[in-house]
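Numbering (the UniProt record's numbering), first residue to last: 1 to 548.
Beta carbons: idealized from backbone N, C-alpha and C, even for Gly.
Contents: one structure, followed by commentary.
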């Protein structure tokens with residue numbers, strides 16, 4: 001227990017709040033594992049048992065269904081949830097407890113399936129919100145990649161323990177006992193979510209309070225798109241292997257007993273499980289400073305393993321592919337999470353995670369369909385089925401690797417494809433609308449700004465030289481700035497008579513080159529003995545403006 005506590009609080013995690021989030025994530029993984037054990041004899045495990053193709057296709061459809069809600073609805077909704085994140089995390093856990101009880105009471109009814117889908121949606125929503133919260137509890141001494149890996153490792157450990165306990169309860173009391181255990185774990189998980197520190201909530205310094213926000217759809221940065229393509233390509237391989245190997249073992253070892261088939265399938269499954277733990281352990285221990293390159297390297301390793309499996313067909317090489325693919329998938333996933341957390345503003349992280357999770361799940365389902373067709377629908381010889389299957393998936397991986405590398409260089413194999421979008425906030429501030437002064441013909445030329453706009457003081461308008469303070473709302477200065485810097489390095493710039501718009505002298509006329517023009521409903525230009533209107537305090541909060 002002391003070793004576990006030291007690991008959970010290492011690197012200042014107890015002071016930053018990461019330890020509390022770790023416990024909450026462990027609770028969520030425990031609920032997922034217990035639920036998986038409870039549903040072991042239902043449609044949700046048709047693929048693992050290599051049942052009829054129709055049931056497996058229905059299973060694949062069910063796995064995609066939650067993401068039809070997460071990407072367009074839940075992700076943007078969580079973006080707007082800038083306060084109450086702990087409550088949202090806890091609410092998802094408490095709601096899962098209610099659904100687990102309903103499933104326990106109606107296990108033999110059709111109500112089981114919509115409740116199970118609700119559990120999946122809430123689990124994915126928890127993951128999206130957890131990923132958006134993680135940067136708030138990041139200790140100063142570790143990276144986002146290491147933090148995400150640490151959370152996953154602790155979650156896998158909790159899931160293994162909870163799954164074993166749920167299996168014992170299922171053996172003793174049936175699936176109902178496992179579901180009741182799931183409900184208890186959900187309640188505990190909700191309580192752990194409420195213990196996350198309050199500083200995961202938004203602050204005024206991180207969520208702007210000025211400016212008008214407009215809903216937009218923005219393309220992902222190249223670093224995110226590159227990492228997402230690499231992750232999606234790896235998911236094609238993991239989805240392919242999950243269904244392909246189950247059907248191949250069932251068909252190629254049809255004369256063997258059910259226990260022998262399960263044992264052979266378990267070899268690949270154990271290799272994949274070990275790879276998942278290994279990938280997260282690598283991410284937690286190594287300083288991965290370039291996540292996009294790590295993701296591309298992981299994809300290249302998977303490609304190499306499938307080439308070997310195609311050249312040397314057999315169950316042993318399939319297990320190696322499972323080990324390498326699962327390791328690469330786990331490592332690339334924590335890299336993707338860290339890139340999104342680092343590159344995107346908080347106002348659009350949740351929707352970005354929703355889009356990325358949907359893309360990854362669709363990639364997994366696509367690979368699963370390919371594995372179903374090659375392993376369960378079309379019939380080949382013993383060695384031919386391995387060779388053909390892994391050759392096909394190698395082609396997909398090669399395309400994904402090429403596309404990922406080109407995207408990192410700003411190019412694409414498919415220029416007609418639109419880049420993935422994420423919801424975001426467009427905050428148009430006065431600094432965004434600041435005009436730049438045209439370059440003078442020579443360094444000593446005088447600068448004559450245009451006449452002031454209607455209703456504005458003359459010194460608050462006109463082009464602004466480089467280095468001056470950003471313009472405030474309605475042309476007023478937002479903050480004092482440095483003296484304008486000469487673009488040519490000449491001491492003759494700024495021109496004589498120019499007065500900094502960010503700090504005009506009191507009771508002094510404007511720039512000498514500014515002609516006295518009327519401003520504001522025909523009012524005369526103020527003279528030296530007529531004080532001009534006092535500008536806004538440079539330290540005050542800018543007034544809100546509307547987008548034109």
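Practice task
Measure the alpha-carbon distance for residue 277 versus residue 137 and round it to whole angstroms.
Solution key: For the purposes of this step, residue 277 is taken as residue 277 along the chain shown, with counting starting at 1. For the purposes of this step, residue 137 is taken as residue 137 along the chain shown, with counting starting at 1. Taking the straight line from one Cα to the other gives about 23 Å.
Handout entry: residue 132 burial status per 10 Å Cβ neighbour count (16 or more: buried)
Key = Counting from 1 along the chain shown, the entry for residue 132 is found at position 132. Buried is the call here.
Practice task
Specify the secondary structure class of residue 354 as computed by DSSP and reduced to three states.
Solution key: Translated into positions along the chain shown, residue 354 becomes position 354. Residue state, collapsed to three classes: helix.
Problem - Within the segment 99–170, ranges of the alpha helix (DSSP H) (whole runs, at least 4 residues) - result: 112–133
Practice task
Out of 408, 365, 27, point me to the one whose CA is closest to residue 89's CA.
Solution key: Counting from 1 along the chain shown, the entry for residue 89 is found at position 89. For the residues 408, 365, 27, the minimum Cα distance to residue 89 belongs to 27.
Exercise for the section: Using only alpha-carbon positions, find the residue among 406, 334, 115 that is nearest to residue 97. Expected result: Position 97 of the chain shown holds residue 97. Of the listed residues, the one whose Cα sits closest to residue 97 is 115.
Handout entry: Exposed unless 16 or more other CB atoms sit within 10 angstroms - verdict on residue 198
Key = Reading the chain shown from its first residue, position 198 is the one you call residue 198. Result: exposed.
Exercise for the section: Output the distance between the C-alpha atoms of residue 165 and residue 34, rounded to the nearest integer angstrom. Expected result: For this step, residue 165 is matched to residue 165 along the chain shown. For this step, residue 34 is matched to residue 34 along the chain shown. Cα to Cα, residue 165 sits roughly 8 Å from residue 34.
Exercise for the section: Confirm, please, whether the CB-CB distance from residue 249 to residue 263 is below 7 Å. Expected result: Translated into positions along the chain shown, residue 263 becomes position 263. Translated into positions along the chain shown, residue 249 becomes position 249. Cβ distance not < 7 Å, so residue 263 and residue 249 don't count as in contact.
Problem - Segment limits, alpha helix (DSSP H) that includes residue 250 - result: Residue mapping note: residue 250 aligns to position 250 of the chain shown, counting from 1. Per DSSP, residue 250 belongs to the alpha helix (DSSP H) from 222–252.
Problem - Neighbourhood of residue 105 by C-beta, 6 Å cutoff - its chain only, sequence neighbours within 5 removed - result: Against the chain shown, residue 105 aligns to sequence position 105. Correct list: empty, nothing qualifies.
Exercise for the section: If I'm right that residue 283 touches residue 302 with Cβ under 8 Å, what's the distance once you round it to whole angstroms? Expected result: As a first step, residue 283 must be located in the chain shown, where it is residue number 283. As a first step, residue 302 must be located in the chain shown, where it is residue number 302. That pair is no contact at about 16 Å.
Problem - Sufficient close CB pairs (3 or more, under 8 Å) joining the segment 169–182 to the segment 367–374 - result: Counting Cβ pairs under 8 Å, fewer than three are found: no touch.
Handout entry: Cβ-Cβ distance between residue 95 and residue 122 below 7 Å
Key = As a first step, residue 95 must be located in the chain shown, where it is residue number 95. As a first step, residue 122 must be located in the chain shown, where it is residue number 122. Yes, the pair counts as a contact, with Cβ atoms nearer than the cut-off.
Handout entry: Beta-carbon proximity check, residue 145 vs residue 334, cutoff 7 Å
Key = As a first step, residue 145 must be located in the chain shown, where it is residue number 145. As a first step, residue 334 must be located in the chain shown, where it is residue number 334. A contact, by the Cβ cut-off of 7 Å.
Problem - Span separating the alpha-carbon of residue 327 from that of residue 125 - result: For the purposes of this step, residue 327 is taken as the residue at position 327 of the chain shown. For the purposes of this step, residue 125 is taken as the residue at position 125 of the chain shown. Cα to Cα, residue 327 sits roughly 24 Å from residue 125.
Handout entry: Boundaries (first-last residue) of the alpha helix (DSSP H) holding residue 6
Key = In the chain shown, counting from the first residue as 1, residue 6 sits at position 6. First-last of the alpha helix (DSSP H) with residue 6: 2–8.
Handout entry: Assumed close pair residue 238, residue 375 - CB separation to whole angstroms, cut-off 8 Å
Key = Sequence index remark: in the chain shown, residue 238 carries index 238 (1-based). Sequence index remark: in the chain shown, residue 375 carries index 375 (1-based). No, residue 238 and residue 375 are not in contact; Cβ-Cβ is about 14 Å, not under 8 Å.
Problem - Classification of residue 254 by the beta-carbon crowding that lies within 10 angstroms, buried from 16 upward - result: Locating residue 254 in the chain shown gives position 254, where the first residue counts as 1. With fewer than 16 other Cβ atoms within 10 Å, it is exposed.
Exercise for the section: Indicate whether residue 299 and residue 401 have their beta-carbon atoms separated by less than 7 Å. Expected result: For the purposes of this step, residue 299 is taken as residue 299 along the chain shown, with counting starting at 1. For the purposes of this step, residue 401 is taken as residue 401 along the chain shown, with counting starting at 1. Cβ atoms of residue 299 and residue 401: closer than 7 Å.
Handout entry: From 291, 281, 29, 168, residue whose alpha carbon lies closest to that of residue 338
Key = Against the chain shown, residue 338 aligns to sequence position 338. Ranking 291, 281, 29, 168 by Cα distance to residue 338 puts 291 first.
Exercise for the section: Over the uninterrupted alpha helix (DSSP H) stretch that includes residue 270, give me the two end residues. Expected result: The residue given as residue 270 occupies position 270 in the chain shown. From DSSP, the alpha helix (DSSP H) with residue 270 extends over 258–285.
Problem - Range covered by the alpha helix (DSSP H) that runs through residue 195 - result: Locating residue 195 in the chain shown gives position 195, counting from the first residue. It is not in any alpha helix (DSSP H) - residue 195 carries neither H nor E in the DSSP assignment.
Practice task
Kindly indicate the opening and closing residues of the alpha helix (DSSP H) around residue 40.
Solution key: The count along the chain shown starts at 1 and reaches residue 40 at position 40. Element bounds for residue 40: n/a, residue is neither H nor E.
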